[in-house]
Amino acid sequence: MPDPTVHLLTCIRNEGPFLLEFVAHHLTLGFDRIFIAANDCDDGSVRLLAALQSAAHIDFLRHSVASGKVPQAEGYARLRDRFDVDAADWLMMLDVDEFVNVHMGDNSVKALLAAAPADVDVIALNAMTFGPGGVAQWHPGPVTHQFLHRLPEGHKANGALKTLSRNPGHYGAIHNHSLTRYHGPKARLTVMRGDGSLRGIDAGGPLWRELRHVPRAEIRHALAQYNHYATKTPDAYRLRQLRGRGAGPMGEPNLRHDASYFADRASGLIRDTTILRYADRLAATMAAMLADSDIRHWHHHAERVFARRLAALPPAG
Numbered sequence: 002m003p004d005p006t007v008h009l010l011t012c013i014r015n016e017g018p019f020l021l022e023f024v025a026h027h028l029t030l031g032f033d034r035i036f037i038a039a040n041d042c043d044d045g046s047v048r049l050l051a052a053l054q055s056a057a058h059i060d061f062l063r064h065s066v067a068s069g070k071v072p073q074a075e076g077y078a079r080l081r082d083r084f085d086v087d088a089a090d091w092l093m094m095l096d097v098d099e100f101v102n103v104h105m106g107d108n109s110v111k112a113l114l115a116a117a118p119a120d121v122d123v124i125a126l127n128a129m130t131f132g133p134g135g136v137a138q139w140h141p142g143p144v145t146h147q148f149l150h151r152l153p154e155g156h157k158a159n160g161a162l163k164t165l166s167r168n169p170g171h172y173g174a175i176h177n178h179s180l181t182r183y184h185g186p187k188a189r190l191t192v193m194r195g196d197g198s199l200r201g202i203d204a205g206g207p208l209w210r211e212l213r214h215v216p217r218a219e220i221r222h223a224l225a226q227y228n229h230y231a232t233k234t235p236d237a238y239r240l241r242q243l244r245g246r247g248a249g250p251m252g253e254p255n256l257r258h259d260a261s262y263f264a265d266r267a268s269g270l271i272r273d274t275t276i277l278r279y280a281d282r283l284a285a286t287m288a289a290m291l292a293d294s295d296i297r298h299w300h301h302h303a304e305r306v307f308a309r310r311l312a313a314l315p316p317a318g
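Residue 2 in my numbering sits at position 1 of the sequence shown, with consecutive numbering throughout.
Next comes the structure, spelled out in structure tokens:
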């Protein structure tokens, strides 16, 4: 029996320095195709994505978001309209600061899928949130190599879920944490948690709420997690604040990513190097991508733009 196929979606805005690693990491893990929606980027991201698409690493589209619309929801819908994102056995959505990390088998996403019983409809992974770990200023290089200190497993920030959903065509809409509006044949869906435990949920219920967050006591990481690099460095976080929210209406102030959000998620002191199991394969994949002159040029261009924008920030106060 062939391995199941799995697609990955993401939406970005001015995150050029981080795109190459995100794509390379998830191709290394075994995602079959990656689809990216670029919202009003002006940092060279679009040119980098075009180069990656020309080299058959991804598919992408550009879009602009009207005031009051939610960028991620718009981006996912447009990706679905443009590309055959549902033509896979499983579908996942991640942000560019999120990296799947599998602790079982050969550490691939396919090993995780193979661990799911045949009746499982959704695999729900908890976050593992990483902070600066003493890195004071941004500099180029893989995020997964630079930030190796995380919060305790039971921290509330790790209650967040991201999901892989089987038979994506059975869902009417895409939320940033899960597929929603199920219209398939089941009355109840079976969810496998990050430790392999199973639970049932009402297929007709608000899946965006059921599959968004769990209480601290229910956080599970034994089989797999997604590493969330929510802050990176203090200066990079300030640019994140200015970029706005992908999950909030366009034009509204970014009230989520404030100083308390940073302080909470940047406080992790536990060293965790489990994601470095992929380091050699990631380096090889990134090197192969950077051998393409267009990819190399636009990747380094995005890094230079990011550095200039950091340098132009007013003093923190």
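Glycine residues also receive a C-beta, built at the ideal position from the N, C-alpha and C atoms.
- Assignment of Met105 by DSSP, reduced to helix, strand and coil, places it in the coil class.
- Taken in chain order, the unbroken stretches of beta strand (DSSP E) that lie wholly in the stretch 111-173 and span 3 residues or more are 123-132 and 162-167.
- Per DSSP, the beta bridge partners of Phe100 are Asn228.
- In this structure, Leu114 sits near Pro5, with a CB-CB distance shorter than 7 Å.
- Per DSSP, Leu283 lies in no beta strand (DSSP E); the unbroken alpha helix (DSSP H) holding it starts and ends at Ala280 to Leu291.
- Taking the Cβ atoms as the reference, Arg213 lies roughly 5 Å from His178, within the contact range of under 8 Å.
- Secondary structure within the stretch 175-238: the alpha helix (DSSP H) runs of 4 or more consecutive residues, fully enclosed, are 208-211 (chain order).
- With respect to the 7 Å criterion, Met129 and Asn159 are classified as neighbours on the basis of their beta carbons.
- Within the model, the alpha-carbon separation for Ile220 versus Ala264 is close to 21 Å.
- Taken in chain order, the complete beta strand (DSSP E) segments of 3 or more residues contained in the stretch 22-68 are 34-40 and 60-64.
- A straight-line Cα-Cα distance of about 8 Å links Ala117 and Ile124.
- In terms of Cβ geometry, Thr11 and Val97 form a close pair [threshold 7 Å].
- At a Cβ-Cβ threshold of 7 Å, Leu190 and Asp122 count as neighbours.
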